[in-house]
Each structure stands twice: as structure tokens, then as C-alpha cells.
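Inspection log for the structure reproduced underneath, given as C-alpha cells.
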Amino acid sequence: MPSRFSKSLMAVLLTVVLGGSAVAQGSGPANPRVALLELYTSEGCSSCPPADRWVSSLRRPTLNPDQLVVLAFHVDYWNDLGWRDRFSQHSFTERQQALVSANGLRTAYTPQLVLNGRDFRGYGGIEKQIARLHSEPAAVRLRLETKQRGTSLRITAVAESEQPLDPDSSLYVAIYENNLETTVENGENRGRRLRHDFVVRTLFRPITITAGKATRWEQKLSLPADWKINDLGVAAFVQHNRTAEVLQATAHAVQ
Numbered sequence: 007m008p009s010r011f012s013k014s015l016m017a018v019l020l021t022v023v024l025g026g027s028a029v030a031q032g033s034g035p036a037n038p039r040v041a042l043l044e045l046y047t048s049e050g051c052s053s054c055p056p057a058d059r060w061v062s063s064l065r066r067p068t069l070n071p072d073q074l075v076v077l078a079f080h081v082d083y084w085n086d087l088g089w090r091d092r093f094s095q096h097s098f099t100e101r102q103q104a105l106v107s108a109n110g111l112r113t114a115y116t117p118q119l120v121l122n123g124r125d126f127r128g129y130g131g132i133e134k135q136i137a138r139l140h141s142e143p144a145a146v147r148l149r150l151e152t153k154q155r156g157t158s159l160r161i162t163a164v165a166e167s168e169q170p171l172d173p174d175s176s177l178y179v180a181i182y183e184n185n186l187e188t189t190v191e192n193g194e195n196r197g198r199r200l201r202h203d204f205v206v207r208t209l210f211r212p213i214t215i216t217a218g219k220a221t222r223w224e225q226k227l228s229l230p231a232d233w234k235i236n237d238l239g240v241a242a243f244v245q246h247n248r249t250a251e252v253l254q255a256t257a258h259a260v261q
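Per this note's numbering, the sequence shown starts with residue 7, numbered consecutively.
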């Protein structure tokens, strides 16, 4: 990984810890925009662990899901280089490629951070970006509910447009998991024990938002045995399909 990430890491941690509480202070819109931060990563990439640790550091009360939603997508194009990432999915690689195109980039890379649909490399400025977005009214109001009983989980997400909405926008729902660990036995990270948070376990097929109407999405599923229920969360976000701009996001722990 470029050394600038490691150098920026301490600065980011300090500014988020010292300045994060300011994000929630002051008056603002009734339905403020919530930032979506996506990490594209792989257990086979030796540059990725510092980014994974930085993303894990964002799990703090001063940056709650009312301000920032975080999702970590493990891509699969490292899997042929010595280590198969058990959290990787080809659909996540396809999502990253779509973001690469929307951002006019020449190629995909890891680790990559994407903030509200835009390639994000100013790691030290994330708290300013969150505050800026939080001061703006969201074009969409999102409601997210979960009902969990045993290994059964029902998810309901409702999106309502508050402003004239481009018809090329979709509602996405994802299940993520925290506190995951892997001992890597081969590849660039051989011998390292890696810890992950916000790992996307599944990203459901999106549905198109209808302007002026409430768009409702509901799914009932049985949770796989290796998913730790107490560490699961659900996120929902509305994104413009062409520009990749995220109009609103929300998340909470499975309840």
C-alpha cells in the first residue's frame, strides 16, 4: 500500500476522535444525508490490512449510523494469487468495476475507499465530508426494520422520495457482519491473523425507486450457521445507477 495511507491513518484517527462529536452538534435538516463509505478489500492483498484496521476504527459512538454507514466488500480477483478470501464474491467485484466506470478511473485497485459513490483518497478529510453531507437535506427518507427470531430474519426497507427524484435510482439492502477473523495460510498475507468489521455477507438485488411513491422492499431468510447473529447488521441505501451518487443511507444492528 502507498505509504501515504499509513501516514494518514494516525491523523485520521486523531481528527475523528477529537472532532467526531462535532458532526452531531448544531441545528440541521430534519432528514439529513447520511454518508455511505465503501471499502473494497481482499485477504490476499498485503496492502489491505491497514485499511481494514482503519475502517474498524470507525466503530465508535461519535460516528454512529445516523451519520455514517460503512460496508466492506471483499473482491475475488485476488483469489488466484495464493489465498481464497472466504468473504469474497464476484458480484462485489462487479460492483467495484461499475464504480470504477462511474468515477472515470482506469482500473480497479485495493484497498479502495468510495464515499457516497466517489473514489475517496483524502483519508484525513473524512470527518469534514461527513459533516458537509450531514448538513444537507436528503432527497430520500429511508426506514429500515429487522425482526429476528432464532435463525430467521425478516428485513423491511421503505424509501420515500422527498424531492423530485431521477427515475434511474435504486434501493439496495445489505447484511454485514462485525468481529470476523481469519488466519491466512498462503498468499501475500501468509501467517497473519486478519480482523474485519462491516463485512458484507450479502447484497440483495436492487429495486427501482418510484418518484412520489413509497418503495417497499421485504425479505425473509434463514441465517447461515456460520453467521454470528449478535454481530450482524443491516444497511439500506439509495443510489443513482448512472452516477453512483448515494442519496441516503441507514443501518442498524439486527434486532
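Yeah, the Cβ is synthetic: ideal placement off N, Cα and C, and Gly gets one too.
* Asked: Are the beta-carbon atoms belonging to glutamine 135 and leucine 121 less than 8 Å from one another?
  -> yes
* Asked: Just how far apart, CA to CA, sit glycine 239 and glycine 50?
  -> 25 Å
* Asked: Buried or exposed: where does arginine 211 fall if 16 or more other Cβ atoms within 10 Å of its Cβ makes it buried?
  -> exposed
* Asked: According to DSSP, is isoleucine 215 helix, strand or coil?
  -> coil
* By DSSP, does glutamate 133 sit in helix, in strand, or in coil? -> helix
* **Whole-angstrom C-beta distance between threonine 256 and proline 71, which should lie under 8 Å** => 6 Å
* **Endpoints, the alpha helix (DSSP H) within which arginine 59 is located** => 54–62
* Counting pairs of Cβ atoms below 8 Å between the stretch 217–227 and the stretch 172–182, do you hit three or more? -> yes
* **Cα-Cα separation between alanine 30 and glutamate 142, rounded to whole angstroms** => Caution applies to alanine 30, whose pLDDT of 43 falls short of 50 and renders its modelled position unreliable; the value that the coordinates give is listed next. Rounded to the nearest angstrom, the two C-alpha atoms are 13 Å apart.
* **For arginine 248, three-class secondary structure by DSSP** => coil
* Residue closest to proline 38, alpha-carbon to alpha-carbon, out of Ala259, Gly156, Leu159 and Leu74 -> Leu74
* To the nearest whole angstrom, what separates the beta carbons of serine 97 and asparagine 85, a pair I think is in contact under 8 Å? -> Wrong, their Cβ atoms sit about 14 Å apart, outside the cutoff.
* To do: Return the chain-ordered ranges of every beta strand (DSSP E) run that is complete within the stretch 164–209 and spans a minimum of 3 residues.
  => 175–183, 186–189, 199–202 and 205–209
* Asked: From leucine 77 to arginine 207, what distance separates their C-alpha atoms?
  -> Going from the Cα of leucine 77 to the Cα of arginine 207 covers about 10 Å.
* Does any residue of chain B bring its CB to less than 8 Å from the CB of valine 76? -> Looking for chain B here will not work: only one protein chain is present.
* Asked: Does the Cβ-Cβ distance between isoleucine 186 and valine 205 come in under 8 Å?
  -> In the sequence on display, residue 186 carries leucine and not isoleucine. Going by C-beta atoms, leucine 186 is nearer than 8 Å to valine 205.
* Reference aspartate 232; option with closest CA among Arg124, Arg92, Asp58 and Thr99 -> Arg92
* Compare the beta carbon distance of serine 62 and proline 117 with 8 Å and say whether it is the shorter of the two. => Cβ atoms of serine 62 and proline 117: not closer than 8 Å.
* To do: Closer than 6 Å by C-beta to threonine 157: which residues in its own chain qualify, once you throw out the five before and the five after it? Chain order, please.
  => Ser228 and Leu229
* 7 Å CB neighbourhood of aspartate 172 in its chain, flanking five on each side removed -> His246
* Between which two residues does the alpha helix (DSSP H) carrying serine 228 extend? -> Careful: serine 228 lies outside any alpha helix (DSSP H), inside the beta strand (DSSP E) at 220–228.
* To do: Give a yes or no on whether the C-beta atoms belonging to phenylalanine 243 and glutamine 254 are separated by under 8 Å.
  => yes
* Asked: How big is the Cα-Cα spacing for isoleucine 215 and arginine 149?
  -> 14 Å
* So what's isoleucine 44 in DSSP terms, helix, strand or just coil? -> Reading off the sequence shown, one finds glutamate at residue 44, where the question assumed isoleucine. Reduced to three states, the DSSP call for glutamate 44 is strand.
* To do: Hey, could you find the ends of the beta strand (DSSP E) alanine 108 is sitting in?
  => No beta strand (DSSP E) contains alanine 108, which is instead part of the alpha helix (DSSP H) from 96–108.
* Asked: If you drop the 5 nearest sequence neighbours on each side, which residues of the same chain put their C-beta closer than 8 Å to that of threonine 249?
  -> Ala108 and Gly123
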